[in-house]
Structure formats: C-alpha cells, structure tokens
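Worksheet: the structure to be examined is printed underneath.
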Amino acid sequence: MIGLWTTTRRGDYNMGFKLSSKSRKFQRKLNQHSSSGEVKTKQEWYWLCAQVGLIRNDKADEEPSGADFVQGWTDSIKPHSNLILGMLFKRYVENFPDIMLQTQVRQFMEEIFDSEGTNLSVRGHEELNRYAEGGFEIIRDEMIDVPHELFIFLNKYHQIIVNC
-8 MIGLWTTTRR GDYNMGFKLS SKSRKFQRKL NQHSSSGEVK TKQEWYWLCA
42 QVGLIRNDKA DEEPSGADFV QGWTDSIKPH SNLILGMLFK RYVENFPDIM
92 LQTQVRQFME EIFDSEGTNL SVRGHEELNR YAEGGFEIIR DEMIDVPHEL
142 FIFLNKYHQI IVNC
C-alpha cells in the first residue's frame, strides 16, 4: 500500500482526536461518583462515542472545536486501532455506494488514511471526530441524566448499540 497515503500535517502539527467540552463534562460526571469503575482515559470515552456514531451512521455537522486531547493512540486503544480504522473506512465507503472501481477505492483510501502516527489523514481525523461527537449526542440524548455508576451507563450503552 506504499504510495497511497496523504499527509496528516496541518501547519506544523499532526491532527489528533477531539472531544467537545460537553462530551468531556459527561465523562467527568460519569466517573465522579461511580463506585463500579470508570472510563479511565479520554480516548476510551472517545471510542465509546465513536462506535455509536459509526454504527448509527450519525456524525456531527462539524468537528468539535478546541485543542486535541491526544495526538496518537493510547496504550489501551492502540491494539484496537486497525478495527477502528476498518470501521471508519467501511462507513466511509458505504456512504458513497457508487465507488466500484479500484481507482476510486484507492482515492478514498488516500483521503482518510496516512502512513504516519495514527494512520489517519487530516480528513480521516475530522471524520472520526465528527462520528465521535455524533455518537456522544446520541448517548446524551438517550440517557438524559448522566448515570452515577459505570455499570448503569454500560447497560444503557449496550441498549443503544443493540437498538442500532
């Protein structure tokens, strides 16, 4: 796959993962009182949100504003990064059903993947960030109040996934 990649550079820095302030606040509230565990890292929370967004094909109109919370895969998420990239690519291709030619698939790959860092291009990061925000909006809308225990959140989260 050499030669298919674009660059993740935007100015002098690499793109990274972003969460809205509302999403970060929801995670903090969830972790604050839970005696049954917590979502330990922002990237774990991000991935929980992104899964919902990808499964439901629901993404925010715009990428969350603000600084990246991390620019690479954390140790807890890195083993799953290929699955994440695969889910993003699958959704990306499904949203454009007219691509049948190998050259068109290759062009799509060039748009979202990169050979550096997270293996996501600027566009890939933007898309995944929008899916994560869209997933958070679904979680927030369906849970209304932030659960005070992780096990309650996970039960409700499971229902959101099952009902997709």
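Note that the working numbering numbers the sequence shown so that position 34 is 25, with each residue one more than the last. Ideal Cβ placement from N, Cα and C applies to all residues, glycine included.
Check                                                                                                                                                            : Outcome
Report all residues from its chain with a CB closer than 6 Å to the CB of residue 24; omit the five preceding and five following residues, and keep chain order. : 139
Could you check whether residue 110 and residue 54 sit closer than 7 Å to each other, using their CB atoms as the reference points?                              : no
Tell me which residues share the same chain as residue 3 and place their Cβ nearer than 8 Å to its Cβ, disregarding the 5 neighbours each side in the sequence.  : In this predicted model, residue 3 has a pLDDT of only 33, less than 50, meaning its place in the structure is not dependable enough to derive any value.
State the beta-bridge partners of residue 61 as determined by DSSP.                                                                                              : 8
Taking the DSSP output, what are the residues bridged to residue 111?                                                                                            : 104
Evaluate the contact criterion for the region 28 to 37 versus the region 50 to 70: three or more CB pairs, one atom per stretch, below 8 Å.                      : yes
Who are the Cβ neighbours of residue 9 in its own chain at under 7 Å, not counting the five residues just before and after it?                                   : 54, 55, 57, 59, 60, 120
Apart from the five residues on each side of it in sequence, which residues of its chain come closer than 6 Å, Cβ to Cβ, to residue 114?                         : 102, 103
Report yes if the C-beta distance between residue 50 and residue 122 is below 7 Å; otherwise report no.                                                          : yes
Which of the three DSSP states is assigned to residue 40 in this structure?                                                                                      : helix
Suppose only complete runs of 4+ residues qualify. What are the alpha helix (DSSP H) ranges in the region 109 to 149, listed by chain order?                     : 113 to 134
For the alpha helix (DSSP H) that contains residue 80, what are its first and last residues?                                                                     : 72 to 85
Given 8 Å as the limit, is there contact between the region 127 to 147 and the region 71 to 80, that is, 3 or more CB pairs closer than that?                    : no
For residue 43, count neighbouring Cβ atoms within 10 angstroms of its own Cβ and tell me buried if that reaches 16, exposed if not.                             : buried
For residue 152 versus residue 133, is the C-beta distance shorter than 7 Å?                                                                                     : no
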